[in-house]
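Let me begin by presenting the structure, written as C-alpha cells, before commenting on it.
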Amino acid sequence: MSYKPLYFWIAAGLLLFICLFYSPFKQKVEQEHAIKLTSLLDTEPNRLYFLDSKFHLDLSGIKRLRLEVNLTEVDITQVHDLIIENFTQPLQVATTLHWQQGGKTLHKTINNNHTSITPLNLDQPTDDAINSGIEVMYLLVEVNPELGTSVGDVADYSFTNMYLGNQQAFKHQINTVAQWFSFQPLKFASINSYTSLDQSNSNSLILRLGCWLLLSGLLFLLIKPARTHVLIVFFLAWVIALLPYAYNHSKQHQQLINSIDPDTVLINQIDQQAWTVANTIESTLPLLNHDLSQQKLILVGDHDFYRLRIYKHLLKYNTALINIHAIAPENLTANNTFLLTGSLLSICQESNSFASLFDIKYVAYLDPTLCIINHHD
Amino acid sequence: MTELYGILYGCYFILLGGALRVTLSQLFSGTAIADKNINSITHAFFIGIVCHVIVFNGLQFFSLSHQQLRWLTVSLFCLCLLRLTWHHWKTPQVGLKQQFNKAQPLPIFLVVCGSLFIYWNSSLLPNIAWDSWAVWEGRAEQWLYHGLSSHIETWPEWINSENTLFNYSAHYPDGLSLVYFLPKLFTADNLIVTEVLILLAYALAVLSMAQKIAQSGAPVYLQLMLIIVMYSTPLINNHLMLQGYADIWVGMYILLIIMTLFENHYKPNLLSKLTLLMYLALLPMLKLEGWVWMILLAAAYFIVVHTKTKARLYMLALFTLTAIVLWLNGGIHLSFSFGEIIINKHNLVVFNLINSPFEFVNITPALLSGFFLQNNWSILWFGLPLLLLHGIRSADCKATQVTQLFFILSILCFLFLFYFTEASRWAIDMTAMNRIVLQLTPCYIILLFRAMTEFINHPQPN
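Heads up: the sequence lines are chains A and B, in that order.
Residue numbers for the first sequence follow the working numbering, beginning at 1 and rising by one.
Residue numbers for the second sequence follow the working numbering, beginning at 1001 and rising by one.
Given below as C-alpha cells:
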C-alpha cells in the first residue's frame, strides 16, 4: 500500500490551514491608539440614541443620514481599520465612510457583518497625499442607495461600539473568516464586477486559496501521488470559495425580497421620480396643443440615471437625450420640444449663460421638476 | 405561465435551427442527421438564434406591421415543425435510449439545480443594467412602439432627419435587440421570457460542454465539477441574473465555435464547417468586439490549418516588415464610404470599432484586482499555467492549436487595447474590462477541463 496520498493530504491540509489563517499584513496591535467614534459622532437630534447596551440609529422616514466625525488633533496614522462591534444593518441599507485627505475625497463601503472590519489604509493615502492629515470625515448611511422602491423595515440599525483601530490579534483569524462572508449587495455595477474595488481587501480569500493551489502543486511534484489528488485540491479550493458566494446569494435574495416591489418595473426611488416626470410630459403636451406623434422630444442634459430613465419611459415617443452643448440654434424649431429637468430648470427661471440659446418667452410649462420649451410661432 | 413562454421561445429557436441543420445536411451531404442528443439540440438552438437575427434583419427592409410579423413568425414556426416532423418520419431514427446514457441524468439534474439557483434571484429583479434597458432592450422597445423598420440613429443624424429614432448607441449591432424584440410582440411580461431563454441557452451550452469532455474521457465527477464551476463563477452568474448585456452571449458563441472546431477535427464534415461559419457570422452581430474575435479566430484557423511552419515564418517576416515600413512612412490612412482605418504613431482608428490616441496607461493594479481580488472568477484563473502546459504538450492536435493560438492572440489584443488606448479608462473604472474577460471565460473553462481530463488520463511517469 502506498502512503503517498496520505502524506500528500496531511501536508496539503496543513498548508490549507496556514494559507487561510496566516496573517502577514497586520502589524503589532497597539490598542491604546484606537479612536472611539461613538463619542465623536454628530448627527440630527434624536437620530442616534443608546438603549439596551447598544447604539441605535433611527432611519425612519429618511433616505440619507450623515454622521459627522470630529477628528481634531487625533493621530490617525496608527489605525488601520474601522471596526464596528455587534453591528446590525438591514440589507437594503449601505454605510460608507468618507474622508478628505490631501485634497482628495476618498470613501470606503463598510463591510456588513456582525463584527464589521473595514481596512482603511489611512496611513497610505494616494501618491500626492502622503503624510497629509484627515481634513473631514463622515459616515453616510443610505437607505436603498440603488436598488428597490420599497424601503421595508429599516428600524434595526445598531451597534455596541465603533472605533478606528486595529483588530485584536486573538480575534483576527475569526474576523478574517467573518469578512469573507460580508454581504455584497446586488447593484448596478454588479454587471461589471462581483465586488466593488473599495470592498476588495488584503484578506482576499481568493488570493489565499491561490497560494494554497501553488503550494499544493509543488507538493504534488515532490510527493507524486496519483494525479487525481491534485484535481481534488482544485475542487476543494473551489468549494471553499463557493461557500461565501452561496451564502451571499441567499442574502441577495433577502435584499431583493425586502426592497423590490414585484408589481412594478421601476428600479428605485429616483426611477419613481423619473416615471412621474415622464407622466407629466405625456399628459401636459397634448394640453399645449402639441401632437406627440409629430413632435421630437429632446430631453436636455447629461446621461445620468435620472434623465436616462425619463428617456426610457418616453421611448414610445420620438425622444432623444442630449447634452445642452450639442444643441445648435437651428435646432430650435416648432417641431422640437425641449424638456429640461434638474439643475437645468434654472434656465427657465432666470437669465443665464444659456439664455442666448433658449428664450424664456418660449417656456410652455414650468413646475418644480420639469420645464417644457417649444419655439412655436 | 410566463416561464412557459420562455421555454416556448427556446423551442422556436430549436425548431428553426433544427430544420435548417437537417435541410443543409441533406442538401450538401445527401444524408440526414438522425441524432437527437444534447449536442445536436444545442447546435439547433444557437443556429436558430443566428437564423432569427438574419431573418429579422432582413425583415427590417420591409415596412411590416406587428400583426404581419406575428403571422410570419408563427408560419415560420409551423413550417420548421413540419420539416422536422417529415424528417423524423422519413429518416431511420436512433433510439433515445441509445443516445442518453446512464450517466447523463446527473449532469442534467445539476444543470437544472444551477438554473433554479440563478432564477431564484433573477425572477425578482427588474432590468437594472444601464446599457441593457437603454440600448439593447431599449431598441427592441423602440421597434415595438414605432415599427421594426424604423431607423435608429445618433444625435447628428437624428436631429437632421424626419423619420428616424434616437439612441445614443445606435451604432451597436442589432443581434441581441432582435432577440428581445420577438417576446415583446407576443407578451407584455417579456422580461421573464428572455430570462428563461438565457438560462435555457446557458444550460444547453453547459450540458454540451459536459458531453464534450465526457467524449474526451472525463469521468463523471469531472463533468459534475465543470457544471458546478459554470454555475458558481460569480461574474458569470451576475450576467445571467442581470440579463440584457451581450457579453455572456458572445462568450457562449465563442465556446460553441471552439466545440465545433473540435467536432470538425475528430469527424470532419460540411455541416460542422457551415455551423462554424454561421457562429462566426453572428459574433459581430452581437457586439462590436465580435469583429475582433471573428478576425482572430479566422486568422488562427488559417495560420494553423492552411500554412506550414516555413510559410508561417515568411508571414511573420512579411508582417514585421510591413509594420516597420508603415511605421517609417508615418502609418496608414485608408478612407472608405463606411469609415476609416488610421494607424500611426499617434492614433488608432478602425471604422466604428475604435477611435483612440495611443498612450500607455499602467492598468496592472486594476487588471490584478479584476482577476484575483474582486472574486469575479473565484479561483478559475489560477488554472492558466496548467492550460499553457497542456498547450505545449498537445502540439499535434490542430483544433487545440487553433484554440490555443486564438486564446493567446485574444489575450494579447486585450492587453494591447487596455494598456495602450483610451480603453484604459474602462479598466481603471472597472467597467468593460471584466466583461471582455467574461467573453473569453467559457472558452477558457472548456480548455481547462480538457487539459484536466488529459492530465488525469495521461500515464504518470514513475
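All C-beta atoms, glycine included, are put in the ideal place defined by N, C-alpha and C.
Exposed unless 16 or more other CB atoms sit within 10 angstroms - verdict on I1159 (chain B): What you label residue 1159 (chain B) is simply residue 159 of the second sequence in a count that begins at 1. Around the beta carbon of I1159 (chain B), 16 or more other beta carbons lie within 10 angstroms, which makes this residue buried.
Where W99 (chain A) sits in the DSSP three-state scheme: Start at 1 with the first residue of the first sequence, and residue 99 (chain A) comes out as number 99. The answer is strand: DSSP assigns W99 (chain A) an E or B state.
Inter-residue spacing [alpha-carbon to alpha-carbon] between L67 (chain A) and G1138 (chain B): For the purposes of this step, residue 67 (chain A) is taken as residue 67 along the first sequence, with counting starting at 1. For the purposes of this step, residue 1138 (chain B) is taken as residue 138 along the second sequence, with counting starting at 1. Looking at the two C-alpha atoms, the distance is approximately 40 Å.
Interface flag, M1225 (chain B) vs chain A, CB-CB below 8 Å: Translated into the one-based positions of the second sequence, residue 1225 (chain B) becomes position 225. It does; some Cβ of chain A falls within 8 Å.
D359 (chain A) (DSSP reduced to helix, strand or coil): The residue labelled residue 359 (chain A) in the question sits at position 359 within the first sequence. Coil at D359 (chain A), not helix or strand.
Opposing strand residues paired with R64 (chain A) [DSSP bridges]: Position 64 of the first sequence, counted from the start, is the residue given in the question as residue 64 (chain A). The beta-bridge partner set that DSSP reports for R64 (chain A) consists of A:E142.
Member of A:Y311, A:N175, A:A12 whose CA lies at the smallest distance from the CA of L340 (chain A): One-based indexing of the first sequence puts residue 340 (chain A) at position 340. Comparing Cα positions, the closest option is A:Y311.
Boundaries of the alpha helix (DSSP H) in which N1190 (chain B) is found, first to last residue: In the second sequence, the residue the question calls residue 1190 (chain B) occupies position 190. Residues 1190-1215.
Same chain only: Cβ atoms within 8 Å of P5 (chain A), ignoring 5 sequence neighbours per side: One-based indexing of the first sequence puts residue 5 (chain A) at position 5. So the qualifying residues of the chain are P225, A226, H229.
Local Cβ density within 10 Å of W385 (chain A), reported as buried at 16 or more and exposed below that: Here chain A has residues from 1 to 377 only, and residue 385 (chain A) is not among them.
Between the CA atoms of T1421 (chain B) and E1359 (chain B) - distance to the nearest angstrom: Position 359 of the second sequence, counted from the start, is the residue given in the question as residue 1359 (chain B). Position 421 of the second sequence, counted from the start, is the residue given in the question as residue 1421 (chain B). It is roughly 6 Å from the alpha-carbon of E1359 (chain B) to the alpha-carbon of T1421 (chain B).
Residue closest to Q1223 (chain B), alpha-carbon to alpha-carbon, out of B:T1400, B:S1208, B:C1051, B:I1257: Reading the second sequence from its first residue, position 223 is the one you call residue 1223 (chain B). When only C-alpha atoms are compared, the closest one is B:S1208.
Same chain, Cβ closer than 6 Å to L1440 (chain B), neighbours up to 5 away in sequence not counted: Start at 1 with the first residue of the second sequence, and residue 1440 (chain B) comes out as number 440. Counting only Cβ-Cβ distances below 6 Å, and skipping sequence neighbours, we find S1410.
Enclosing alpha helix (DSSP H) for Y306 (chain A) [first to last residue]: Against the first sequence, residue 306 (chain A) aligns to sequence position 306. For Y306 (chain A), the enclosing alpha helix (DSSP H) stretches over residues 305-313.
DSSP-derived helix/strand/coil call for T1441 (chain B): Counted from its first residue, the second sequence places residue 1441 (chain B) at position 441. The three-state secondary structure of T1441 (chain B), taken from DSSP, is helix.
Delimiting residues of the alpha helix (DSSP H) encompassing V1402 (chain B): By one-based count along the second sequence, residue 1402 (chain B) stands at place 402. Segment 1398-1420, the alpha helix (DSSP H) holding V1402 (chain B).
Per-residue DSSP class, three states only, for S1361 (chain B): For the purposes of this step, residue 1361 (chain B) is taken as the residue at position 361 of the second sequence. Sequence check: residue 1361 (chain B) is Val here, not Ser. Coil.
Spatial neighbours of C1080 (chain B) in its chain, beta-carbon cut-off 6 Å, leaving aside the 5 residues before and after: Position 80 of the second sequence, counting from 1, holds the residue named residue 1080 (chain B). Answer for C1080 (chain B): L1015, L1016, A1019, listed in chain order.
Residue closest to L1182 (chain B), alpha-carbon to alpha-carbon, out of B:R1425, B:I1227, B:W1071: Numbered from 1 along the second sequence, position 182 holds the residue referred to as residue 1182 (chain B). Comparing Cα-Cα distances from L1182 (chain B) to each of B:R1425, B:I1227, B:W1071, the minimum goes to B:W1071.
Anticipated Cβ contact below 8 Å, M1252 (chain B) with Y1202 (chain B), distance rounded: Counting from one through the second sequence, the residue named residue 1252 (chain B) turns up at place 252. Counting from one through the second sequence, the residue named residue 1202 (chain B) turns up at place 202. Cβ-Cβ separation between M1252 (chain B) and Y1202 (chain B): approximately 7 Å, consistent with a contact (criterion under 8 Å).
Option nearest Q269 (chain A) by Cα separation, candidates A:T280, A:I324, A:F17, A:K63: For the purposes of this step, residue 269 (chain A) is taken as residue 269 along the first sequence, with counting starting at 1. For the residues A:T280, A:I324, A:F17, A:K63, the minimum Cα distance to Q269 (chain A) belongs to A:K63.
Rounded C-alpha distance that separates T1164 (chain B) from D1247 (chain B): Position 164 of the second sequence holds residue 1164 (chain B). Position 247 of the second sequence holds residue 1247 (chain B). One C-alpha to the other measures close to 28 Å.
Chain A within 8 Å of R1425 (chain B), Cβ atoms only: By one-based count along the second sequence, residue 1425 (chain B) stands at place 425. Residue-level contact check: R1425 (chain B) does not touch chain A, since none of the beta carbons of chain A fall below 8 Å from its beta carbon.
Check whether L164 (chain A) and L57 (chain A) have beta carbons under 8 Å apart: Reading the first sequence from its first residue, position 164 is the one you call residue 164 (chain A). Reading the first sequence from its first residue, position 57 is the one you call residue 57 (chain A). If you check the CB distance, L164 (chain A) and L57 (chain A) do not come in under 8 Å.
Assumed close pair L315 (chain A), I281 (chain A) - CB separation to whole angstroms, cut-off 8 Å: Numbered from its first residue, the first sequence carries residue 315 (chain A) at position 315. Numbered from its first residue, the first sequence carries residue 281 (chain A) at position 281. L315 (chain A) to I281 (chain A), Cβ: 12 Å. No contact.
Opening and closing residue of the alpha helix (DSSP H) in which H1066 (chain B) lies: Within the second sequence, the letter at position 66 stands for residue 1066 (chain B). Annotation: the continuous alpha helix (DSSP H) that includes H1066 (chain B) extends over 1066-1090.
Close-in-space but distant-in-sequence residues of the same chain around I130 (chain A) (CB under 6 Å, 5 per side omitted): Reading the first sequence from its first residue, position 130 is the one you call residue 130 (chain A). Note that I130 (chain A) scores 47 on pLDDT, short of 50, meaning its location in the model is unreliable and no value can be drawn from it.
Contacts that H1239 (chain B) makes with chain A (C-beta to C-beta distance below 8 Å): Here residue 1239 (chain B) refers to the residue found at position 239 of the second sequence. By Cβ distance, chain A contributes I191.
Proximity of T337 (chain A) and H290 (chain A) at Cβ, strictly below 8 Å: Counting from one through the first sequence, the residue named residue 337 (chain A) turns up at place 337. Counting from one through the first sequence, the residue named residue 290 (chain A) turns up at place 290. Yes, the Cβ-Cβ distance between T337 (chain A) and H290 (chain A) is below 8 Å.
Listed by chain order, chain B residues near K316 (chain A) by CB distance under 7 Å: Here residue 316 (chain A) refers to the residue found at position 316 of the first sequence. Within chain B, the residues near K316 (chain A) are Y1145.
Local conformation of I1248 (chain B) per DSSP, three classes: Here residue 1248 (chain B) is taken as the residue at index 248 of the second sequence, counted from 1. Note: I1248 (chain B) maps to helix in three-state DSSP.
Bridge partner(s) assigned by DSSP for C1113 (chain B): Walking along the second sequence from the start, residue 1113 (chain B) turns up at place 113. Residue pairing by DSSP places C1113 (chain B) in no beta bridge whatsoever.
Euclidean distance between Cα positions of E1003 (chain B) and I1192 (chain B): Translated into positions along the second sequence, residue 1003 (chain B) becomes position 3. Translated into positions along the second sequence, residue 1192 (chain B) becomes position 192. The straight-line gap from Cα to Cα measures roughly 6 Å.
Strand pairing of I1343 (chain B), partner residues [DSSP]: Looking up residue 1343 (chain B) in the second sequence gives position 343. Beta-bridge pairing links I1343 (chain B) to B:I1332, B:L1348.
Neighbour flag for I1324 (chain B) against chain D, beta carbons, 8 Å: The displayed structure is made up of protein chains A and B, and chain D is not among them.
Segment contact flag, the region 1134-1154 of chain B with the region 1165-1172 of chain B, C-beta cutoff 8 Å, min 3 pairs: Short answer: they touch.
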